[in-house]
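Chemist: Numbering (the working numbering), first residue to last: 44 to 414. No residue lacks a Cβ here, since even glycine has one placed at the ideal position from N, Cα and C.
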Ligand SMILES: [Fe+2]
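Structure below.
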């Protein structure tokens, strides 16, 4: 049984300039990023690289039609390496850009066309959330299906994951909170996954500790304090990525995808909706399994009794950013049934990683509670 796989080499630099020198960026490199990062960190370096910007495609979260357009625009460029600098969307798209002859992104995700790696990939995450720099997964909305799908295959691994804290400092507060909650969810879902083992648990537990300790400090010292501890959050997100890349994530992500797909709620924000309810459900359905480990860890960090850890976690997160009702995102009552079916039909890959099984009624109940 394989315990841990970590394919990308992991680097950290003080500045983008240091990275660009050490990696000898040149005209065979395509930097896929956003204009904000380009203007603030890259422009002054006058690199000879090719650039493509997410902003030119009006992308909030990736979708198959947009990726098709980007691939089309890349066709006549002679590129050896793709360097993705950005949040989850930029990284998810870049992972597809390194593949050969992708004639349709939808068919790629449906595994109807071969997956062949064609270029090197360097990922520089600028949000503390996805952990995508160390995973082999790309997530995109498939427009025709009104949901998100994941493609997980080793060809999507980056060759290098590079952490540069200065690039992550200016992320607005809300994005910081939602993306780091996503990292927390990666850590906690992977910790109770049936695929977890003593190696992945080290990364899960350390990520949970760093993130929750950071949240407590931010609540104490104010929002701006996040900038001082951004490096710790980048590392925690990376740890969580290693954990979930190996042990997987489950129901929180599964229930979140229809909401993201249909109402375009960003990934971290959409996941935040389901975190507490899913773990309360887990804890009620089987309080005596692996979840005891989570409860003990949370009780230690939050300095409370184990029987109130989810209430306390809820309070801590609410202190950072308040949780909305699902209907506030535009969700309709009839969507409860539609979303439940969508989870059952399209998210079995994730439901297999649940701490306990979840049937149709149980999924529906969670949507109802949050509606
Ligand atoms: Fe996630």
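Can you list, in chain order, the residues of its chain with a C-beta nearer than 6 Å to that of residue 242? Leave out the 5 residues immediately preceding and following it.
Modeler: 46, 47, listed in sequence order.
Chemist: Say yes only if the C-beta of residue 135 is nearer than 6 Å to one or more non-hydrogen atoms of ligand 1, and no if none qualify.
Modeler: Checking every heavy atom of ligand 1 against the Cβ of residue 135, none is found closer than 6 Å.
Chemist: Pick helix, strand or coil for residue 168, following the three-state DSSP scheme.
Modeler: Strand at residue 168.
Chemist: Just to confirm, are residue 200 and residue 246 a CB contact at a threshold of 7 Å?
Modeler: Not closer than 7 Å, so no.
Chemist: Taking the alpha-carbon positions, what's the residue 289 to residue 239 distance?
Modeler: Near 8 Å, if we compare the C-alpha coordinates of residue 239 and residue 289.
Chemist: Less than 7 Å between the beta carbons of residue 174 and residue 284, yes or no?
Modeler: Yes. Within cutoff.
Chemist: Name the two residues that bound the continuous beta strand (DSSP E) containing residue 181.
Modeler: That run of the beta strand (DSSP E) goes 180 to 185.
Chemist: Given this structure, state the Cα-to-Cα distance separating residue 373 from residue 218, to the nearest angstrom.
Modeler: Roughly 20 Å between the two C-alpha positions.
Chemist: Under three-state DSSP, which class holds residue 163?
Modeler: In the structure shown, residue 163 sits in a strand (DSSP, three-state: E or B).
Chemist: Relative to the C-alpha of residue 226, which candidate in 191, 291, 320 has its C-alpha closest?
Modeler: Of the listed residues, the one whose Cα sits closest to residue 226 is 291.
Chemist: For residue 390, count the other beta carbons within 10 Å of its own beta carbon; 16 or more makes it buried, fewer makes it exposed. Which is it?
Modeler: Residue 390 is buried by the Cβ-count criterion.
Chemist: Taking C-beta to C-beta, are residue 223 and residue 276 nearer than 7 Å?
Modeler: Yes, Cβ-Cβ distance for residue 223 and residue 276 is below 7 Å.
Chemist: Only counting the same chain, and skipping five residues up and downstream in sequence, which positions put a Cβ closer than 7 Å to that of residue 134?
Modeler: The answer, listed in chain order, is 127, 166, 168, 173, 175, 176.
Chemist: Counting pairs of beta carbons, one from the stretch 325 to 337 and one from the stretch 398 to 405, are three or more of them closer than 8 Å?
Modeler: Yes, they touch.
Chemist: When the Cα of residue 268 is compared with those of 250, 82, 214, 297, which residue comes out closest?
Modeler: Residue 268 has its Cα closest to that of 214, out of 250, 82, 214, 297.
Chemist: With respect to 6 Å, is the separation between the Cβ of residue 116 and the closest non-hydrogen atom of ligand 1 below this value?
Modeler: Every heavy atom of ligand 1 is 6 Å or more from the Cβ of residue 116, so no.
Chemist: Quick one, are the C-beta atoms of residue 77 and residue 98 less than 7 Å apart?
Modeler: Yes. Within cutoff.
Chemist: Taking C-beta to C-beta, are residue 198 and residue 191 nearer than 7 Å?
Modeler: No; because the gap between Cβ atoms is not below 7 Å, this pair is not in contact.
Chemist: Please indicate yes or no: does the CB of residue 217 lie closer than 6 Å to some heavy atom of ligand 1?
Modeler: Flag unset: Cβ of residue 217 not near ligand 1.
Chemist: Does DSSP put residue 148 in a helix, in a strand, or in coil?
Modeler: Three-state DSSP puts residue 148 in a helix.
Chemist: Looking at the unbroken beta strand (DSSP E) that takes in residue 96, where does it start and where does it end?
Modeler: 93 to 96 is the span of the beta strand (DSSP E), which, as asked, contains residue 96.
Chemist: Since residue 220 and residue 364 should fall inside the 8 Å C-beta cutoff, what is the C-beta to C-beta distance between them, to a whole number of angstroms?
Modeler: Their Cβ separation, rounded to whole angstroms, is 5 Å, which keeps residue 220 and residue 364 in contact under 8 Å.
Chemist: Return the Cβ separation of residue 341 and residue 356 in integer angstroms, given the expectation that the two are a contact with Cβ distance under 8 Å.
Modeler: Rounded, the Cβ-Cβ distance is 6 Å, consistent with contact.
Chemist: Determine the extent of the alpha helix (DSSP H) in which residue 382 is found, giving its start and end residues.
Modeler: Unbroken alpha helix (DSSP H) run through residue 382: 378 to 389.
Chemist: Counting C-beta neighbours from all protein chains within 10 Å, is the total for residue 383 16 or more, i.e. buried, or is it exposed?
Modeler: With 16 or more other Cβ atoms within 10 Å, it is buried.
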